[in-house]
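Using my numbering, the final residue of the sequence shown is 1763, and nothing's skipped along the way.
Data block below; observations after.
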Amino acid sequence: MKGTDRHVTAALKQPTPISGTAVLGLGVHRPDVVIDNEQICQWIDSSDEWIRQRTGIVTRHRARAEVSVVDMALDAAQEALADAGIEASQLGAVVVSTVTHPYSTPSAAADVAGRLGITAPAFDISAACAGYCYGIGQADALVRSGLAEYVLVVGVEKLSDFIDNHERTISFLLGDGAGAAVIGPSETPGISPSVLGSNGEKWGTVSMDNSLLRLRDALTEAQRSGDASRLLDAEERLWPTLRQDGQTVFRWAVWEMAKVAQQALDTAGITAEDLTAFVPHQANIRIIDELAKQLKLPESVLIGRDIADAGNTSAASIPLALHRLRAENPEISGGLALQIGFGAGLVFGAQVIRIP
């Protein structure tokens, strides 16, 4: 047989796809340090009343110095596994959505997998506040394709490591935390096709004020000078911290994300009347309420408003809010929830899930 004939006739094996997936379990980690608005006002010229009215935030949780992104992710992951009734050894992949793991490499996900005692494929997603929805989309695809039976998705952030407490565009909004979900096979579809996208033209609307390369170069120059005060000044000024153009983000989130949320409903083949819950990214209470208004949600639909106690926790905000909503209303288990994340990039993601 000629070589070319052998290549044409050779058959490759592929996994057998399945038709249904679902979120099987949820878990969270909420740090034990609680920062209220009065404490925030020690750092910025504001008031408890102004912060509540403009953002809906009363408190936010922040992790202690010794608690890492991976520590929080592992805690949430273990609760999600227990909630799903799944052993870590059954996981076919670990996906961690975060923008605050302090190492560019190796990934937080590989560390989580290692601490769970497994050797499953593991990788991080950098999609900021949309990261959890991106992770659910990835897990859904992995399970439906047959590449994994169960997938762990974690949204986790330690934003307190990357804020300047005296900066007033975003620092007072942010909190720390982790939320996790286990995705697995289901006899009936429990996750709709994901609606994902980005608007890179607004890339700098939410961003770091400095790069690590700029910090490195400044520190090198300061070290060469032998001036200790110059070295300390460079460290304090150039450590990357978050900033945002709040008005641009607000307008984009209110007008464009309502369209994305509606597209997610259409893609799922349902209407707002079919929903049990709406769980948007916890960015700002005014954005949450405006999205609900534009979607014309019935009064019967429960809305995640975890932001009042947790602040904006980026990739962790949706699972934290869904977990709280289910804990306070256990009867919603089995109902449909529309979840949508949006943030730095600017990126967005949405899907409808059946609440475990």
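Yeah, the Cβ is synthetic: ideal placement off N, Cα and C, and Gly gets one too.
Beta-carbon proximity list for Ala1675, same chain, < 7 Å, skipping 5 on both sides = The beta carbon of Ala1675 is closer than 7 Å to those of Ser1599 and Val1759 in its chain, skipping five residues each way along the sequence.
Leu1622 at chain B interface by Cβ criterion, 8 Å = Here there is only one protein chain, and chain B is not present.
Compare the beta carbon distance of Thr1462 and Leu1581 with 8 Å and say whether it is the shorter of the two.
-> Contact flag unset, no.
Taking all protein chains shown into account, do 16 or more other C-beta atoms lie within 10 angstroms of the C-beta of Ala1489, making it buried, or fewer, making it exposed?
-> Looking at its Cβ environment, which holds fewer than 16 other Cβ atoms inside 10 Å, Ala1489 is exposed.
Mind checking which residues open and close the beta strand (DSSP E) that includes Ser1632?
-> Looking at the DSSP string, Ser1632 is not in any beta strand (DSSP E); the run it does join, the alpha helix (DSSP H), is Leu1619 to Ser1632.
Do the stretch 1415-1431 and the stretch 1534-1552 meet, that is, are 3 or more Cβ pairs less than 8 Å apart?
-> When C-beta atoms of the stretch 1415-1431 are compared with those of the stretch 1534-1552, three or more pairs fall below 8 Å, so the two segments count as touching.
Chain-order list of residues whose beta-carbon lies under 7 Å from that of Gln1701 (same chain, five-residue window excluded) | Excluding sequence neighbours, Gln1701 sits near Ala1665.
Leaving out the 5 sequence neighbours to the left and right, which residues in its chain are closer than 7 Å to Asp1518 when beta-carbon positions are compared?
-> Only Val1477 meet the Cβ criterion.
Note the first and the last residue of the continuous beta strand (DSSP E) segment covering Leu1753.
-> Premise fails: Leu1753 is in no beta strand (DSSP E) and is neither H nor E.
Integer Cβ distance of Tyr1557 from Leu1619, believed to fall under 8 Å | Taking C-beta atoms under 8 Å as the contact rule, Tyr1557 and Leu1619 fail to qualify, at a distance of about 35 Å.
Segment contact, 8 Å Cβ cut-off, at least three pairs: the stretch 1710-1721 with the stretch 1733-1742 | No, they do not touch.
Measure how close the beta-carbons of Ala1671 and Lys1703 come, nearest whole angstrom, since I'm counting them as under 8 Å.
-> At roughly 15 Å, the Cβ-Cβ gap does not stay under 8 Å, so Ala1671 and Lys1703 are not in contact.
Report, in whole angstroms, the separation of the C-beta atoms of Ala1684 and Val1667, which I expect to be a contact under 8 Å.
-> Wrong, their Cβ atoms sit about 17 Å apart, outside the cutoff.
The alpha helix (DSSP H) spanning Tyr1541 covers which residue range?
-> Per DSSP, the continuous alpha helix (DSSP H) segment holding Tyr1541 begins and ends at Gly1538 to Ser1552.
What is the DSSP secondary structure of Gln1746, reduced to helix, strand or coil?
-> Secondary structure at Gln1746: strand, using DSSP grouped into helix, strand and coil.
Report the rounded CA-to-CA distance for Ser1601 versus Ser1632, giving the unit in angstroms.
-> Each residue's alpha carbon lies about 53 Å from the other.
Local Cβ density within 10 Å of His1573, reported as buried at 16 or more and exposed below that = With a 10 Å radius around the Cβ and a threshold of 16 neighbouring Cβ atoms, His1573 comes out exposed.
Among Val1501, Asp1624, Ser1454 and Ser1533, which one has its Cα closest to the Cα of Pro1509?
-> In this structure, Ser1533 is the residue among Val1501, Asp1624, Ser1454 and Ser1533 with its C-alpha nearest to the C-alpha of Pro1509.
Consult DSSP for Pro1687 and reduce its assignment to one of helix, strand or coil.
-> Of the three classes helix, strand and coil, the one that applies to Pro1687 here is strand, per DSSP.
DSSP state of Lys1565 mapped onto helix, strand, coil = In the three-state reduction of the DSSP assignment, Lys1565 falls in the strand class, which pools E and B.
Take Ile1442 as the anchor and find which of Ile1710, Thr1466, Ala1585 and Ser1453 has the nearest alpha-carbon.
-> If we check each option's Cα against that of Ile1442, Thr1466 comes out closest.
Return the chain-ordered list of same chain residues with a C-beta closer than 7 Å to the C-beta of Gly1653, the five sequence neighbours on each side being excluded.
-> For Gly1653, where only same-chain residues beyond five positions count, the Cβ hits under 7 Å are Thr1576.
Among Ser1593, Leu1732 and Thr1720, which one has its Cα closest to the Cα of Leu1745?
-> Among Ser1593, Leu1732 and Thr1720, the Cα nearest to that of Leu1745 is on Leu1732.
Nearest candidate by alpha-carbon position, reference Ile1762, set Leu1433, Lys1420 and Pro1424 = Ranking Leu1433, Lys1420 and Pro1424 by Cα distance to Ile1762 puts Leu1433 first.
Hey, quick one: how far does the alpha helix (DSSP H) through Arg1459 stretch, first residue to last?
-> Start and end: Asp1455 to Thr1462.
What's the gap between the Cα of Leu1727 and the Cα of Lys1420?
-> Going by C-alpha positions, Leu1727 is about 40 Å away from Lys1420.
Which residue's Cα is closest to the Cα of Ser1511: Leu1523, Gly1524 and Phe1530?
-> Ranking the options by Cα distance to Ser1511, first place goes to Phe1530.
Starting from the C-beta of Ile1710, find all residues in its chain whose C-beta is less than 6 Å away, skip the five residues before and the five after it, and write them out in chain order.
-> Phe1685 and Ala1699, listed in sequence order.
Option nearest Phe1749 by Cα separation, candidates His1730, Ile1725, Glu1445 and Ser1496 = Looking at the Cα atoms, Ile1725 is the closest of the given residues.
Leu1606: which of Ala1751, Ala1495, Gly1562 and Glu1594 sits nearest, CA to CA?
-> Leu is not the amino acid found at residue 1606; the sequence shown has Asn there. Residue Ala1751 is the option with its Cα nearest to Asn1606.
Quick one: Cα of Ala1520 to Cα of Val1501, how far?
-> Distance between the alpha carbons of Ala1520 and Val1501: 7 Å.
Helix, strand or coil at Val1560 according to DSSP, with G and I counted as helix = DSSP places Val1560 in strand when its eight states are reduced to three.
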